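Novice:
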Amino acid sequence: MTAAVFLDRDGTLIDEVGYLDRPERVLLYPWSIDAVRTLNRAGIRVIMVSNQSGLARGFFSEQTLDLIHRHLAALLAAGGARLDAYYYCPHHPDGRIAGLARACDCRKPGGALVERAVEQFGIDPKHSFVVGDRWVDVALARTVGARGILVRTGYGAVEETRPPEGLSADAVVDNLIAAVSWILLERQAPVCDPAPDNALKPTI
Numbered sequence: 297m298t299a300a301v302f303l304d305r306d307g308t309l310i311d312e313v314g315y316l317d318r319p320e321r322v323l324l325y326p327w328s329i330d331a332v333r334t335l336n337r338a339g340i341r342v343i344m345v346s347n348q349s350g351l352a353r354g355f356f357s358e359q360t361l362d363l364i365h366r367h368l369a370a371l372l373a374a375g376g377a378r379l380d381a382y383y384y385c386p387h388h389p390d391g392r393i394a395g396l397a398r399a400c401d402c403r404k405p406g407g408a409l410v411e412r413a414v415e416q417f418g419i420d421p422k423h424s425f426v427v428g429d430r431w432v433d434v435a436l437a438r439t440v441g442a443r444g445i446l447v448r449t450g451y452g453a454v455e456e457t458r459p460p461e462g463l464s465a466d467a468v469v470d471n472l473i474a475a476v477s478w479i480l481l482e483r484q485a486p487v488c489d490p491a492p493d494n495a496l497k498p499t500i
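For the sequence shown, the numbering used here assigns the number 297 to the initial residue and increments by one for each residue that follows.
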């Protein structure tokens with residue numbers, strides 16, 4: 297089992313522009329390539345999990361979304377960074393496209409997208425992190441048993457002032473590169489478990 301960082305897309309990895317409907321509107325934050333590349337070099341899976349209700353609403357097609365993600369992958373690759381997988385939910389109960397206008401288990405905070413990654417890559421959610429600019433991303437972390445980080449980019453600065461009752465983030469940071477720094481520090485911190493002889497045994 298391995299660790300992963302599950303990244304929200306809009307407002308976390310790239311600029312929030314509303315319904316992103318064409319590749320040329322993709323704008324990486326200045327620190328995004330460095331952040332993803334740092335996780336790559338640390339041997340941590342980096343997986344996008346994104347709600348894309350624009351598909352259900354008919355604002356763009358899956359072919360267009362594929363072009364957007366190919367363009368994003370090329371931008372990351374130019375800086376020596378990569379995402380290991382791109383998962384997205386195409387559904388929304390208020391959609392107008394047949395087959396997509398429904399409730400589902402893959403729309404965050406539902407955990408179906410993470411469950412797919414667990415099966416595909418052998419990921420351990422308990423040692424993983426979810427990073428996003430909305431409380432729904434933190435709620436996803438709670439759903440799957442990971443740790444949740446809220447970033448202040450995108451909608452995050454506003455979201456921070458309106459926490460849902462009973463939900464809190466493991467960390468609230470300025471942006472993705474700050475989240476990566478927090479994650480790496482957390483992974484280095486020893487966790488002490490009682491050993492059979494009552495000694496403390498550090499584990500990572």
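Using N, Cα and C, we set each Cβ at its ideal position, and we do this for glycine too.
Bear in mind that the values here come from a model prediction, so they are computed numbers and not experimental data.
#1: Just to check my reading of the structure: Y382 and R412 have Cβ atoms closer than 8 Å, yes? What is that Cβ distance to the nearest angstrom?
#2: Given a threshold of 16 other Cβ atoms within 10 Å of its Cβ, counted over all protein chains shown, does Y315 qualify as buried or as exposed?
#3: Throw me the rounded Cβ distance for the L409 and G428 pair, which I believe falls under 8 Å.
#4: Which partner residues does V313 have in the DSSP bridge list?
#5: By Cβ distance below 6 Å, which residues in the same chain neighbour V426 in space, the five residues on each side in sequence not counted?
#6: Output the boundary residues of the beta strand (DSSP E) element that contains G274.
#7: Determine the burial state of K404: buried for a count of at least 16 other Cβ atoms within 10 Å of its Cβ, exposed for fewer.
#8: Who are the near neighbours of D466 in its chain, counting only those whose CB is closer than 7 Å to its CB and skipping five residues on each side?
#9: Pairing CB atoms from the stretch 319-336 with CB atoms from the stretch 393-400, are three or more of them under 8 Å?
#10: Are the beta-carbon atoms belonging to E455 and W478 less than 8 Å from one another?
#11: Below 7 Å CB to CB, which residues in the same chain sit around L377 once its five sequence neighbours on both sides are set aside?
#12: Per DSSP, which one or two residues make a beta bridge with G444?
#13: Between R448 and the rest of its own chain, which residues show a CB-CB distance below 6 Å, the 5 nearest in sequence each way excluded?
#14: Look at the Cβ atom of L296, then the Cβ atom of L396, and state whether they are nearer than 8 Å.
#15: Please look up how many angstroms separate the CB atoms of S349 and G391, rounded, as I've assumed it's under 8 Å.
#16: Give me the Cα-Cα distance between D380 and W327, rounded to the nearest whole angstrom.
#17: Locate the alpha helix (DSSP H) running through S328, then write down its first and last residues.
Specialist: For this structure:
#1: That belief does not hold up - the Cβ atoms of Y382 and R412 are roughly 11 Å apart, past 8 Å.
#2: Result: exposed.
#3: Wrong, their Cβ atoms sit about 12 Å apart, outside the cutoff.
#4: DSSP links V313 through a beta bridge to no other residue.
#5: F302, D433, L436, A437, A442 and G444
#6: Because residue 274 is not part of the residues shown, which for the chain are 297 to 500, the question remains open.
#7: buried
#8: R443, G444 and I445
#9: no
#10: no
#11: It should be noted that the sequence gives Ala, not Leu, for residue 377. Closer than 7 Å at the Cβ level, and outside the excluded window around A377, lie I329, V332, R333 and N336.
#12: V426
#13: D470
#14: With the chain represented from 297 up to 500, any question about residue 296 goes unanswered, as that position is not in the structure.
#15: 7 Å
#16: 18 Å
#17: Annotation for S328: the continuous alpha helix (DSSP H) segment containing it runs S328 to R337.
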